[in-house]
Amino acid sequence: MSMEASADIQAIVKEYVISEVLSGDEGVLDVSTELIEQGILDSMSLLRLIAFLEERFSIQVADEDIVPRHFHNLRAIEELIASYQARSRS
Amino acid sequence: MAFLLHQLLSESADRHPDRVAVEDDRGRLTYAELESLSSQIAHYLRNRGVEPGDRVGLFLRKSIYGVAALFGIQKAGAAYVPLDPQAPPLRAAYILQNCGVRVLVTEQEKLQRLPAEFLTQGALTGLLLVDSEAAANLEMAGTLPAATLAEIRSSQPIRHPAVPITDDYLAYILYTSGSTGEPKGVMISHLNSLTFVNWAYDTFHVVSSDRVSNHAPFHFDLSVFDIFCTIKAGGTLSLVPDLIHPFPVELARWISEKRLTIWYSVPSALIQLVERGHLERHDYRALRLVLFAGEVFPIKYVRRLVETLPHPEYYNLYGPTETNVCTYYKLKPEDLNSARTEPVPIGVACENQEVVVLNERLEPVPKGNEGELYVRSATVAKGYWGRLDDTAKVVVPNPLNRHFSSVLYRTGDIVRQLPSGEYQYVGRKDKMVKSRGYRIELGEIEATLYAHPAVREAAVIAVPDDQVGARLKAYVVADSNLARSELEKFCRDHLPRYMMPESMEFRSSLPRTSNGKVDIHALEKGSVAT
Numbered sequence: 250m251s252m253e254a255s256a257d258i259q260a261i262v263k264e265y266v267i268s269e270v271l272s273g274d275e276g277v278l279d280v281s282t283e284l285i286e287q288g289i290l291d292s293m294s295l296l297r298l299i300a301f302l303e304e305r306f307s308i309q310v311a312d313e314d315i316v317p318r319h320f321h322n323l324r325a326i327e328e329l330i331a332s333y334q335a336r337s338r339s
Numbered sequence: 017m018a019f020l021l022h023q024l025l026s027e028s029a030d031r032h033p034d035r036v037a038v039e040d041d042r043g044r045l046t047y048a049e050l051e052s053l054s055s056q057i058a059h060y061l062r063n064r065g066v067e068p069g070d071r072v073g074l075f076l077r078k079s080i081y082g083v084a085a086l087f088g089i090q091k092a093g094a095a096y097v098p099l100d101p102q103a104p105p106l107r108a109a110y111i112l113q114n115c116g117v118r119v120l121v122t123e124q125e126k127l128q129r130l131p132a133e134f135l136t137q138g139a140l141t142g143l144l145l146v147d148s149e150a151a152a153n154l155e156m157a158g159t160l161p162a163a164t165l166a167e168i169r170s171s172q173p174i175r176h177p178a179v180p181i182t183d184d185y186l187a188y189i190l191y192t193s194g195s196t197g198e199p200k201g202v203m204i205s206h207l208n209s210l211t212f213v214n215w216a217y218d219t220f221h222v223v224s225s226d227r228v229s230n231h232a233p234f235h236f237d238l239s240v241f242d243i244f245c246t247i248k249a250g251g252t253l254s255l256v257p258d259l260i261h262p263f264p265v266e267l268a269r270w271i272s273e274k275r276l277t278i279w280y281s282v283p284s285a286l287i288q289l290v291e292r293g294h295l296e297r298h299d300y301r302a303l304r305l306v307l308f309a310g311e312v313f314p315i316k317y318v319r320r321l322v323e324t325l326p327h328p329e330y331y332n333l334y335g336p337t338e339t340n341v342c343t344y345y346k347l348k349p350e351d352l353n354s355a356r357t358e359p360v361p362i363g364v365a366c367e368n369q370e371v372v373v374l375n376e377r378l379e380p381v382p383k384g385n386e387g388e389l390y391v392r393s394a395t396v397a398k399g400y401w402g403r404l405d406d407t408a409k410v411v412v413p414n415p416l417n418r419h420f421s422s423v424l425y426r427t428g429d430i431v432r433q434l435p436s437g438e439y440q441y442v443g444r445k446d447k448m449v450k451s452r453g454y455r456i457e458l459g460e461i462e463a464t465l466y467a468h469p470a471v472r473e474a475a476v477i478a479v480p481d482d483q484v485g486a487r488l489k490a491y492v493v494a495d496s497n498l499a500r501s502e503l504e505k506f507c508r509d510h511l512p513r514y515m516m517p518e519s520m521e522f523r524s525s526l527p528r529t530s531n532g533k534v535d536i537h538a539l540e541k542g543s544v545a546t
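From first to last, the protein sequence lines stand for chains L and C. Numbering-wise (the working numbering), the first sequence opens with residue 250 and increments by one. Numbering-wise (the working numbering), the second sequence opens with residue 17 and increments by one.
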């Protein structure tokens with residue numbers, strides 16, 4: 250897997266959330282939509298999202314990173330993935 | 017002696033007015049505060065025309081005010097009808113209309129999602145908004161009279177209204193998946209519920225120093241133990257904050273920081289704590305009791321949980337919503353033997369309940385043989401709201417008693433009695449499955465798919481999953497112009513999220529058995545192969 254630019258990461262995650270979590274309803278979602286507070290991600294969809302991210306970006310998300318500040322919106326998720334990619338590069 | 021659930025609150029408020037009754041991440045209410053606020057809510061509901069026997073809906077995120085509201089509803093003589101806060105608006109509106117709720121307790125964001133016609137049609141006579149400061153914000157309520165919690169607090173009397181009801185009145189209605197395509201409301205009376213609450217209180221020795229988790233949503237009957245046993249004991253009910261719920265590491269820390277003494281949840285929540293919560297990092301010495309219910313808890317995870325936290329007592333509680341808990345099993349050290357692969361038993365009947373295993377002819381099966389589990393108890397629900405036929409299929413005359421009339425509840429669960437006298441769950445007689453403790457009628461999902469005009473055939477299977485119970489797969493034969501996204505949206509508008517198929521496969525035909533039925537086994541085999 251090549252390193253994606255942040256805009257690409259965001260687009261990939263957004264597409265996943267729209268198709269797999271929101272079943273195609275993109276009306277509500279932007280980079281700062283509160284995914285947990287609004288009940289878009291619950292425990293089951295969050296775990297599925299993490300499994301998707303791990304496979305799609307060839308990363309291993311540490312349990313300590315599965316916390317609200319990394320998953321509360323699309324921007325936070327994108328930053329988390331970028332930080333993993335930066336670590337694997339160095 | 018308390019014979020109504022809300023009397024448990026009044027009694028505890030007399031004994032421990034200053035103890036904390038309920039807390040969440042935004043606040044707390046003492047027993048005195050919970051008692052007076054719930055009485056004020058009851059007065060408001062009565063002013064809005066709520067009569068004994070009426071239904072009042074709860075459509076809101078979990079909070080200490082939701083707890084005050086459900087006691088207030090009961091004090092007004094009504095039954096509370098808790099909705100899944102994440103329910104699709106159409107489904108929420110269906111439930112509220114189905115049982116004719118008179119008043120809806122809600123919050124602005126939820127209210128805005130409901131179809132406008134719901135607010136102007138039907139039995140609704142008022143709204144109570146828990147999250148608004150002033151009625152000025154309430155234009156979306158249209159012509160319905162509405163009040164905020166702040167207004168009720170400043171205007172209504174705090175004394176407990178005297179509403180003369182008996183323990184035969186409904187305390188709450190819990191809607192579950194219905195095989196014919198629409199959710200059905202399980203009606204629970206005060207007697208039904210108190211029979212369970214009193215048993216649990218005695219069995220688990222709940223006391224005023226206990227700090228009890230509330231993990232389950234209020235529309236799920238695990239919450240009945242959390243709320244009413246804790247309040248009966250004068251203990252503290254600690255609501256798991258929505259923001260922590262999905263995050264195992266945070267939840268593990270929260271349980272420790274809150275010094276919880278009793279935890280009750282579905283196994284899938286405990287599995288996530290074991291898998292990703294790093295329980296070994298925190299201090300759980302306060303935790304004395306772990307209860308789980310709602311689905312099978314795979315033994316390998318039980319073993320890891322007990323190895324990490326050896327100190328608490330563990331119980332497997334079993335029972336459908338229609339009886340709450342009817343059997344229970346205390347985990348024994350030998351259950352953790354590494355050679356064991358079968359799940360822990362569901363145990364023996366709760367005190368003051370009787371369970372029997374019958375065959376198709378309603379005759380008792382010999383000990384050790386498989387049969388369907390039937391329950392005789394005052395916990396057995398009054399039936400399904402407005403569905404006498406469906407009720408008569410499961411609440412049946414007791415064939416073992418010919419001297420006076422009594423009934424048995426037919427669980428649909430196949431069990432087998434072990435030599436020890438304990439019962440072992442074997443499986444379901446019908447197409448109901450469990451996912452994260454939620455009951456799911458595959459027939460309801462199929463009926464929803466069929467409701468789409470372009471769907472010609474549909475079948476849904478459940479692929480067993482160790483961590484969540486089941487994963488749902490739908491197979492659809494549809495007109496060629498039906499887009500997957502359209503069918504997914506249609507389902508999302510009608511089904512709660514836990515009933516959404518994880519995958520949908522479009523096919524030109526479905527496999528059939530020799531007698532023409534959809535061959536579910538062939539689909540199941542195919543799904544394992546892929």
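Note that the Cβ used here is the ideal one computed from N, Cα and C, for glycine as well.
Asked                                                                                                      : Found
Alpha-carbon to alpha-carbon, K346(C) and E457(C)                                                          : 29 Å
Under 9 Å by beta carbon: chain C residues contacting E313(L)                                              : V265, H294
Proximity winner among L389(C), E376(C), L325(C), Y317(C), relative to T343(C) (alpha-carbon distances)    : L389(C)
Where V316(L) meets chain C, residues with beta-carbon distance less than 9 Å                              : F263, V265, E266
Rounded straight-line distance, which links the Cα of I260(C) to that of E502(C)                           : 33 Å
Residue interval of the alpha helix (DSSP H) (run including N214(C))                                       : 206 to 219
CB contact check: R35(C) to chain L, cutoff 8 Å                                                            : no
Distance, L352(C) Cα to M250(L) Cα                                                                         : For M250(L), the predicted structure reports a pLDDT of 47, less than 50, and the residue's modelled location is therefore unreliable. A value from the coordinates is still provided. When rounded, the distance between both Cα atoms is 42 Å.
Alpha carbon of F19(C) to alpha carbon of A474(C), nearest angstrom                                        : 47 Å
Cα-Cα separation between S268(L) and R305(L), rounded to whole angstroms                                   : 15 Å
Proximal residues to R432(C) (C-beta, below 6 Å), its chain only, five neighbours per side dropped         : E386, Q440, V442
Close beta carbons around S171(C), own chain, < 7 Å, minus the five adjacent residues each side            : none
C-beta contact flag for E438(C) and V364(C) at 8 Å                                                         : yes
Where G270(C) sits in the DSSP three-state scheme                                                          : Checking the sequence, you will find Trp at residue 270(C) rather than Gly. DSSP places W270(C) in helix when its eight states are reduced to three.
CA-to-CA distance, Y217(C) to A256(L), given in whole angstroms                                            : 55 Å
Neighbour flag for S307(L) against chain C, beta carbons, 8 Å                                              : no
Contacting residues, own chain, Cβ-Cβ under 7 Å from H298(C) (five flanking each side not counted)         : A268, R269, S272
Per-residue burial, A467(C) [other beta carbons within 10 Å of its own, 16 or more giving buried]          : exposed
Reduced DSSP category for G288(L) - H, G, I as helix; E, B as strand; rest coil                            : coil
Residues from the stretch 96 to 124 of chain C in contact with chain L, defined by Cβ distance under 9 Å   : P101, Q102
Interface residues of chain L facing Q288(C) [CB-CB closer than 7 Å]                                       : S292
Contacting residues, own chain, Cβ-Cβ under 6 Å from V38(C) (five flanking each side not counted)          : L45, I80, V83, L253
Amino acids of chain C, ordered along the chain, whose beta-carbon sits closer than 8 Å to that of E286(L) : D258, L259
Selected residue, minimal CA-CA separation from M516(C), among Y454(C), I89(C), T529(C)                    : Y454(C)
Cross-chain neighbours of L295(L) in chain C, by beta carbon under 9 Å                                     : P262, F263
From S195(C), E521(C), E462(C), residue whose alpha carbon lies closest to that of L498(C)                 : E521(C)
Counted within 10 angstroms of its Cβ, other Cβ atoms place F320(L) as buried (16 or more) or exposed      : buried
Three-state secondary structure (DSSP) of T407(C)                                                          : helix
Local conformation of K450(C) per DSSP, three classes                                                      : strand
Proximity winner among R292(C), V322(C), R452(C), relative to R304(C) (alpha-carbon distances)             : V322(C)
Cutoff 8 Å: V364(C) Cβ touching any chain L Cβ                                                             : no
Boundaries (first-last residue) of the alpha helix (DSSP H) holding L620(C)                                : Since the first and last residues shown for chain C are 17 and 546, residue 620(C) lies out of range.
One or two residues paired with K200(C) in a DSSP bridge                                                   : T192(C)
Partners in chain L for V484(C), counting only beta-carbon separations shorter than 7 Å                    : M293
Close Cβ partners of E27(C) (< 7 Å) along its chain, the five nearest in sequence each way excluded        : A18
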